[in-house]
Amino acid sequence: MAVGESQLETDTGSRTEVDYGWRHTVSTVMGDTTARWGFYIVAFVFLVSAYTMVDSNLARLTFGAFEDFTFAEWLPIFDHPERIPPPGEGESNVPPAFHAEGSMANPLGTDPAGRDYFTRIVYGAQVSVSVGVVSTLIGFVGGTIIGAVSGFYGGKVDDALMRAVETVYAIPPLILIIVFTVFVSGGSPDIIYAVFGVGIAFIPVFARIIRSEVLSVREMDYIEAARASGVKNRDIIRRHVIPNSFAPVLVYATLQIGVTILIVAGLSFLGYGAQPPTPDWGQMLSVSHGYMHSNVWLSIWPGVAILLTIMGFNLFGDGLQDALDPRIDD
Amino acid sequence: MSSFGETPTGSDSSTAERDSETLLEVEGLKKHFTTGSGLLSGLRVDPGSFPPVRREHERVRAVDDVSFSIARGETLGLVGESGCGKSTLGRTVLRLLEPTAGTIRFDGEDLASLGGEALRRKRAEMGMIFQDPHASLNPRMTVGTIVEEPMVAHGMLDGEGREARAKSLLEDVGLEAHHYHRYPHEFSGGQRQRVNLARALSVDPDFVVCDEPVSALDVSVQAQVLNTMARLQAEFGLTYLFIAHDLSVIRHIADRVAVMYLGTVVELAEKEELFENPQHPYTQALLESIPVPDPRESGTRGVLEGEVPSPVDPPSGCRFRTRCPVLIAPEGYGFGDAEWEATRGFVRAVKRRTFEPAPAAEVRERFFPEGVPDGEAGELVETALSLVSAAELEGLEEDARTARWHEASELLLESFAEESICARERPHYEVDPVYGDGEHLAACHRHR
Amino acid sequence: MTDPLLRVENLTTQFFTEAGTVRAVDSISFEVHEGEIVGLVGESGAGKSVASMSLLRLVESPGEIVAGEITYKGRTIFGLEETADGSLSERPEMLSEEEMRREIRGNEIAVIFQDPMESLNPVFTVGGQLREFIELNRGLSKRVAREEAIRMLREVGIPDPEGRYEEYPHQFSGGMRQRVLIAMALACEPSLIIADEPTTALDVTVEGQILDLVDDLQEKYGTSFIWVTHDLGVVAEICDRVNVMYLGEIVEQAPVDDLFYETAHPYTEALLESMPRPDLTVEEIQSIRGVMPSAIAPPSGCRFHPRCRYAREACKRVHPDPRRVATSADGETHRAACLRHDVFESGYEASAPLEHATALSDREVERPPGGEGGE
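Protein chains in written order, with our numbering: chain A, 8 to 337; chain B, 2 to 449; chain C, 997 to 1371.
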């Protein structure tokens, strides 16, 4: 309606209004070259890990009526990444294809056990993405609940929760995670414990970010307006506080996925995370460091994979920050 | 202060049809804030006592013993400068803040004693409009959702009914139904205040607290919103508590006016009476300070000196006495009017250190051209004069000088200002109105 | 009359934004004489602050002064000339950025802002900041500058100036901070002070104190002021001459008494009518219909015509510039940019009234929902 439109052109052009829509966020992220590349890398890593799930599960299935049909005909199928070839079948420590001694059969070469390194790197994406997403989610959800409750109610609730959070915060995260892993796993560490350990260790960080956001949002008049209208506290937190405190935490979470991947890789390297034969990049680094001199490629490929993935999340997170932060938007 | 809230009897001079039934009655309401809330805040270490650690908090007396009442359908204007506690009062009346003491009888029920779910349900009968049109609407919700939220909270109507009502409310407040799907940032300040109005009215409340609803708007838009508010009051039968710092706006919209200063109501009267026959020196000063949009009316301005004292430790007796231009002379010294005037000027100058050190004779001549008062008062003045004379201050360090000024100021204040009735008793008087026949309360000892 | 202290001619400042070119200040002209207080009045978005900042060449990107001439005491603050190839370039006598900084800003023309907290550094003491300012700008020794700073603080009515010299800005109330800024503005005894809504954030009694102070100081130092405000009450109290701005343009220019009593522009008239009065009980105030349109695409003809109750067909076509419509008793010129005045000879009388104007002149108070203007 033309009339309505002209009415809305009221604020002078000197002040730019903030647009909160998703469309705006997406266009801002995609409009920034760096953020766009971040997004491409993140999307690529996700696609690769999604494909490995298809590969490891669906591809080998057959369907009753279509017994002749298998995904294997349509898709390139990898060897099982953990299967150690029987003696004589695979050669160990083959260098990558571009090397004089390499071959296209193993584009990135093979590991000391003779497994195709390319397959293991590709499957490593699945492990890393799951690790990053799951442990960040644990920290994110736990932190959001604690932080939102603490910031919104204030007073004694806030005191109690924040002192507890600070206690956890005071312990160096790596020590906390290792103790947790060892204690919970009862001496047989596995990646799942590492994921939970990292997630829990980062609850305090998320809680503090959310709390400080909530503290500033809580002072906004629309919260008081909701209270004055008789909206239940639960609904105020859900409908007003969380959506408006969300943006900076979302950015932090995106950056955090990269950090968690790195930490879990570190744990695996130290032997507290993924155990052989899981194709985890950190664990692969751990194995490869004994072969630094004889086959340096074993260390380089997982290193590059970790670097790229984390860079992707960081670039994307930075772009998201610009897109969601109204202050930068002018 | 206890009778500050008697229901005004026969107070409907201008609006004859006004229902004189009392909707809200506030009595002895106090709201004190304690500073700091952390685990260790307020901890004092005092090695001289046992146990050596104590917890104590400063108390900010934001609202201190306020009583008033509002009749159904009336607008009570609440006016005062920043920090006087008017917004706190508005929020405490709605129980958005916990009162420290006092009762808030709304439609016969004491809000101060309601709790939890009962209070939440009661909120369907009350609404609030905020000052800042940018902060009072959730930027991530559409206008429709915002207006419907109170209805959802109170289980009013079904989804379709709510949407229809929200759209009709938007039209009532001067917006359009198709604005339902828009976001707040698409609107100007004045339009956002209209959305605020629609939200406050969505559950059809009886009573609306308006906290400076037009202060952030331009003059021309302000007039539009004020007119809409007046129209809605008639249409919806609303009762307003209208908080503002702008006396012009209050004069336009209110039926009765309460003037607040430092947590207390200093004057309460019908509008015409208050503006045409103000009886409290603070109200008079406020009225005189407003710049009048008329160049031929050369206003007296800057009539008040000094600043509002801290509400942590407010002055005893009359809160306004430290700035009052008509402070009553203490008894016992036998001050004449001119003598008291000169003495007060001198006390204020010493307290505020507004003159450079000079020989005692020079200072005496400047403040007491007619000579210092006789008797005890004169001796005290002389003592103070010599304390801050150039001869005494000569060669002293800055700290020692400051101590001298302090000593002189303490001596004068304690002997004179603190002895006045204004410092010793809380004033509370009823005066006879000149305009209309409503109750006129003025908290000033000149009416004793 | 002698040469004015400041002469502004056809000043145009624009902001180049993504949404389009914002014509924040559009060809305004005015003068400031020695010892007078000139008001610059308008609602938010009128361009009054941008105009005042343009005078010091303090317009920030994406804003730019694109045309006009600003002369201060015979020196060119801004001026363009046409070069041989037809493009515009800065005139050689225009003051350089360095000269502006060293000789004009602070020394000759000082500014007082609305929010004193933004002008004072929170981590230094008030006295220290004032002392340093005096030290740098007047070349005094540290000790003398300190004494001068305390004298200035006392001059602007800060109680116990020796004690408060050592305090930090957050320990001062809003009114006291504004006094400090006035002290700072006066410290170099400038000839002109631009006051940008200096009392808007203050309480009315404090505002009164500040207006009093400005009056006293102006008498004592003979400083000229450009007083930027939206409050016609303050204008009536303090200004000698007034420029009313609407959507980047000056629509009326008059001595203060004429502005209120011989109002010549419908916008000024509407503004005056829309103000609630502290001294009278007005049952219904007349609001101005709609809001100020965007400065990116201002209305054709007279920019006020969509909201004007006297608007006629001619107002949509002809763009009026402020012309002399009367001369006041003491020989001052009264200008207005409204076609209703005879000097325009625009055929206003003969043209048909616009539809909305007919409705408005029927003393319509509320805008009906769905109206054209909106707010």
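Built from N, CA and C at the ideal position, the CB exists for glycine as well. Computed from a prediction, not measured in an experiment: that's the story for all the values here.
| query | result |
| --- | --- |
| For the beta strand (DSSP E) containing C:Asn-1006, name the first residue and the last one. | 1002-1013 |
| Step through the CB atoms of chain A and report whether any lies within less than 8 Å of the CB of B:Arg-195. | no |
| Which residue's Cα is closest to the Cα of B:Arg-183: B:Asp-247, B:Val-148, B:Glu-213 and B:Phe-69? | B:Val-148 |
| With a threshold of 16 other CB atoms inside 10 Å of the CB of B:Phe-237, please say whether the residue is buried or exposed. | exposed |
| For the alpha helix (DSSP H) containing C:Ala-1191, name the first residue and the last one. | From DSSP, C:Ala-1191 is part of no alpha helix (DSSP H) but of the beta strand (DSSP E) over 1188-1192. |
| Please check if any C-beta of chain C sits within less than 8 Å of the C-beta of B:Ala-286. | yes |
| Would you kindly check if the distance between the Cβ of C:Pro-1272 and the Cβ of B:Val-250 is under 8 Å? | yes |
| Please work out which residues of its chain come closer than 7 Å, Cβ to Cβ, to C:Asp-1317, disregarding the five sequence neighbours upstream and downstream, and give them in chain order. | Ala-1333 |
| Measure how close the beta-carbons of C:Ile-1206 and C:Ile-1033 come, nearest whole angstrom, since I'm counting them as under 8 Å. | Not quite, the Cβ-Cβ distance comes to about 13 Å (not below 8 Å), so this is no contact. |
| For A:Asp-123, list the residues DSSP reports as bridge partners. | A:Thr-117 |
| Can you tell which of C:Ile-1100, C:Val-1200 and C:Arg-1053 has its C-alpha closest to the C-alpha of B:Val-451? | The question about residue 451 of chain B has no answer, for chain B in this structure spans 2 to 449. |
| Where does C:Pro-1157 land, buried or exposed, given buried means 16+ other C-beta within 10 angstroms? | buried |
| Does DSSP classify B:Gln-194 as helix, strand or coil? | helix |
| Under 7 Å between beta-carbons, which chain A residues line up against B:Leu-138? List them in chain order, please. | Tyr-229 |
| Would you mind stating whether C:Pro-1118 and C:Tyr-1164 have Cβ atoms separated by less than 8 Å? | yes |
| Take the Cβ of C:Asp-1081 as the centre, count every other Cβ of all protein chains shown within 10 Å, and call the residue buried at 16 or more, exposed below. | exposed |
| Checking contacts by CB at 8 Å: is C:Val-1230 closer than that to chain B? | yes |
| At a CB distance below 7 Å, what residues from the segment 250-273 of chain A approach chain B? Give them in sequence order. | Pro-250 and Asn-251 |
| Of all the CB atoms in chain B, is at least one closer than 8 Å to the CB of A:Val-129? | no |
| Counting contacts by CB-CB distance shorter than 8 Å, is A:Val-238 in contact with chain B? | yes |
| Counting only the same chain and skipping the five closest in sequence on each side, list residues whose C-beta sits under 6 Å from that of C:Gly-1035. | Trp-1223, Val-1231, Cys-1235 and Val-1238 |
| What are the boundary residues of the beta strand (DSSP E) that C:Ser-1220 is part of? | 1220-1225 |
| From A:Ser-137 to A:Asp-166, what does the alpha carbon distance come to, in whole angstroms? | 34 Å |
| Looking at C-alpha atoms only, which residue of A:Val-52, A:Trp-304, A:Leu-277 and A:Tyr-279 is the closest neighbour of A:Val-349? | Past the boundaries of the shown model lies residue 349 of chain A; chain A is included only from 8 to 337, so the question cannot be answered. |
| Alpha carbon to alpha carbon, how far is C:Leu-1209 from C:Ser-1023? Give it in angstroms, no decimals. | 33 Å |
| In whole angstroms, what is the alpha-carbon distance linking A:Ile-184 and A:Val-303? | 30 Å |
| Could you name the residues of the same chain whose beta carbon sits closer than 6 Å to that of C:Gly-1041, not counting the 5 residues immediately before and after it, in chain order? | Met-1288 |
| What does B:Tyr-430 pair with, by DSSP beta-bridge criteria? | B:Ala-443 |
| The alpha helix (DSSP H) with B:His-407 in it runs from where to where? | 399-416 |
| DSSP has C:Glu-1086 in a bridge; who is on the other side? | C:Leu-1076 |
| Shortest alpha-carbon distance to B:Cys-211 belongs to which of B:Leu-218, B:Tyr-241, B:Val-220 and B:Gly-191? | B:Tyr-241 |
| Opposite B:Leu-25 in the DSSP bridges: which residues? | B:Ile-71 and B:Phe-107 |
| Looking at chain A, is there any beta carbon in it that lies within less than 8 Å of the beta carbon of B:His-33? | no |
| Where C:Ala-1141 and B:Gly-175 are concerned, what is the direct C-alpha to C-alpha distance, given to the nearest angstrom? | 58 Å |
| When DSSP builds the beta bridges, which residues end up paired with B:Leu-202? | B:Leu-202 is not bridged to any residue. |
| Are the CB atoms of C:Val-1037 and C:Met-1435 within a distance shorter than 8 Å? | Outside the modelled stretch of chain C, which goes from 997 to 1371, sits residue 1435 of chain C, for which no answer is possible. |
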